[in-house]
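J.: Before I ask anything, let me first share the structure, which is written out below as structure tokens.
Residue numbers (our numbering): 1 to 199.
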């Protein structure tokens with residue numbers, strides 16, 4: 001009987017020990033699971049945030065590419081327009097034929113019955129070659145009203161502007177002759193020495 005009681009006590013102790021160990025294991029596993037679940041939850045939130053950020057970046061890339069393509073098209077068109085204008089104001093080669101046409105058009109625009117502008121002579125001289133540009137010297141003999149003489153000076157002064165597409169030129173010397181004509185303003189006969197520039 002005594003042996004039975006000792007064995008029963010021992011069994012109770014073993015059961016209590018087993019229960020204690022089991023309880024300890026369950027608590028440890030619960031704590032471990034809870035802490036890992038919190039970490040997993042935080043990582044999952046970060047992954048969702050990263051996925052949203054990547055999606056936003058992809059949308060931004062698409063928008064930026066669309067903007068770039070639109071701007072590139074506009075820039076290419078502007079670049080082509082500027083190149084075309086540059087070819088007329090600073091051409092490849094002396095292109096004196098085109099320059100003569102520009103002078104003729106300018107003469108036609110200015111000359112009227114009451115305000116004369118006549119180019120009687122254009123003399124192109126020998127080309128002077130430079131390192132970055134060349135010069136086509138020219139001498140013109142012109143008969144003009146004083147108002148048209150001023151317009152001519154402005155025309156040369158503004159030559160080379162992209163807006164007007166007039167060949168880049170400058171005046172190196174000018175010789176004036178004034179005369180009065182009946183029923184007309186003062187007439188200026190002048191000879192002008194000019195340089196037209198080209199690539």
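The beta-carbon is built from N, C-alpha and C at its ideal position, and this holds for glycine as well.
Would you say residue 168 and residue 197 are within 7 Å of each other, going by their C-beta atoms?
T.: The count along the chain shown starts at 1 and reaches residue 168 at position 168. The count along the chain shown starts at 1 and reaches residue 197 at position 197. For residue 168 and residue 197, yes; Cβs fall inside 7 Å.
J.: Write down the C-beta distance between residue 143 and residue 187 rounded to the nearest angstrom, noting that I regard them as a contact closer than 8 Å.
T.: Your numbering for residue 143 matches position 143 in the chain shown. Your numbering for residue 187 matches position 187 in the chain shown. Going by Cβ atoms, the distance from residue 143 to residue 187 rounds to 6 Å, so yes, they are a contact pair.
J.: Taking only the alpha-carbon atoms, compute the straight-line gap between residue 171 and residue 109 and give it to the nearest angstrom.
T.: For this step, residue 171 is matched to residue 171 along the chain shown. For this step, residue 109 is matched to residue 109 along the chain shown. About 21 Å.
J.: Rounded to whole angstroms, what is the Cα-Cα separation between residue 93 and residue 85?
T.: Position 93 of the chain shown holds residue 93. Position 85 of the chain shown holds residue 85. Roughly 15 Å between the two C-alpha positions.
J.: Suppose contacts are defined by Cβ-Cβ distances below 7 Å. Is residue 116 in contact with residue 107 by that definition?
T.: Position 116 of the chain shown, counting from 1, holds the residue named residue 116. Position 107 of the chain shown, counting from 1, holds the residue named residue 107. No. Outside cutoff.
J.: Among the residues of its own chain, which have a CB less than 7 Å from the CB of residue 96, if the five just before and after it don't count?
T.: As a working mapping, residue 96 is identified with position 96 in the chain shown. Excluding positions up to five away in sequence, the list reads 124, 136.
J.: Note the first and the last residue of the continuous alpha helix (DSSP H) segment covering residue 119.
T.: The count along the chain shown starts at 1 and reaches residue 119 at position 119. Note, residue 119: premise wrong, no alpha helix (DSSP H); beta strand (DSSP E) at 117 to 124.
J.: Once the 5 residues before and after residue 191 are set aside, which same chain residues still bring their CB inside 6 Å of it?
T.: Residue mapping note: residue 191 aligns to position 191 of the chain shown, counting from 1. Contacts found: 141, 175.
J.: Return the Cβ separation of residue 122 and residue 103 in integer angstroms, given the expectation that the two are a contact with Cβ distance under 8 Å.
T.: Within the chain shown, residue 122 is the residue found at index 122, counting from 1. Within the chain shown, residue 103 is the residue found at index 103, counting from 1. Right, the Cβ-Cβ distance comes to about 7 Å (below 8 Å), so this counts as a contact.
J.: In this structure, how does DSSP classify residue 105 when only helix, strand and coil are distinguished?
T.: Counting from 1 along the chain shown, the entry for residue 105 is found at position 105. Note: residue 105 maps to helix in three-state DSSP.
J.: If you run the structure through DSSP and keep just helix, strand and coil, what is residue 172?
T.: Mapped onto the chain shown, residue 172 falls at position 172. Residue 172: strand per DSSP, three-state reduction.
J.: Would you mind working out which of 127, 166, 13, 150 sits nearest residue 100, comparing C-alpha positions?
T.: For the purposes of this step, residue 100 is identified with residue 100 of the chain shown, where counting begins at 1. Ranking 127, 166, 13, 150 by Cα distance to residue 100 puts 166 first.
J.: Going by alpha carbons, who is nearest to residue 148 out of 114, 36, 87?
T.: If you number the chain shown from 1, residue 148 lands on position 148. Answer by Cα proximity: 114.
J.: Starting from the C-beta of residue 155, find all residues in its chain whose C-beta is less than 8 Å away, skip the five residues before and the five after it, and write them out in chain order.
T.: Looking up residue 155 in the chain shown gives position 155. Same-chain partners within the cutoff: 106, 166.
J.: Examine the ligand FMN and report whether any of its heavy atoms sits within less than 6 Å of the Cβ of residue 29.
T.: Although the ligand FMN was asked about, the structure shown includes no ligands whatsoever.
J.: Just tell me which of 160, 62, 5 has its CA closest to the CA of residue 89.
T.: Indexing the chain shown from 1 puts residue 89 at position 89. It is 160 whose Cα lies nearest to the Cα of residue 89.
J.: I think residue 179 touches residue 189, with their Cβ atoms under 8 Å apart; what is that distance to the nearest whole Å?
T.: On the chain shown, residue 179 is found 179 positions in, with the first residue counted as 1. On the chain shown, residue 189 is found 189 positions in, with the first residue counted as 1. About 7 Å separates the beta carbon of residue 179 from that of residue 189, a gap short enough to meet the 8 Å contact definition.
J.: Out of curiosity, what's the CA-to-CA distance linking residue 75 and residue 98?
T.: By one-based count along the chain shown, residue 75 stands at place 75. By one-based count along the chain shown, residue 98 stands at place 98. Separation of residue 75 and residue 98 (C-alpha to C-alpha, rounded to the nearest whole angstrom) is 28 Å.
J.: Grouping DSSP H, G and I as helix and E and B as strand, with all else coil, what is residue 139?
T.: Counting from 1 along the chain shown, the entry for residue 139 is found at position 139. Correct three-state label for residue 139: strand.
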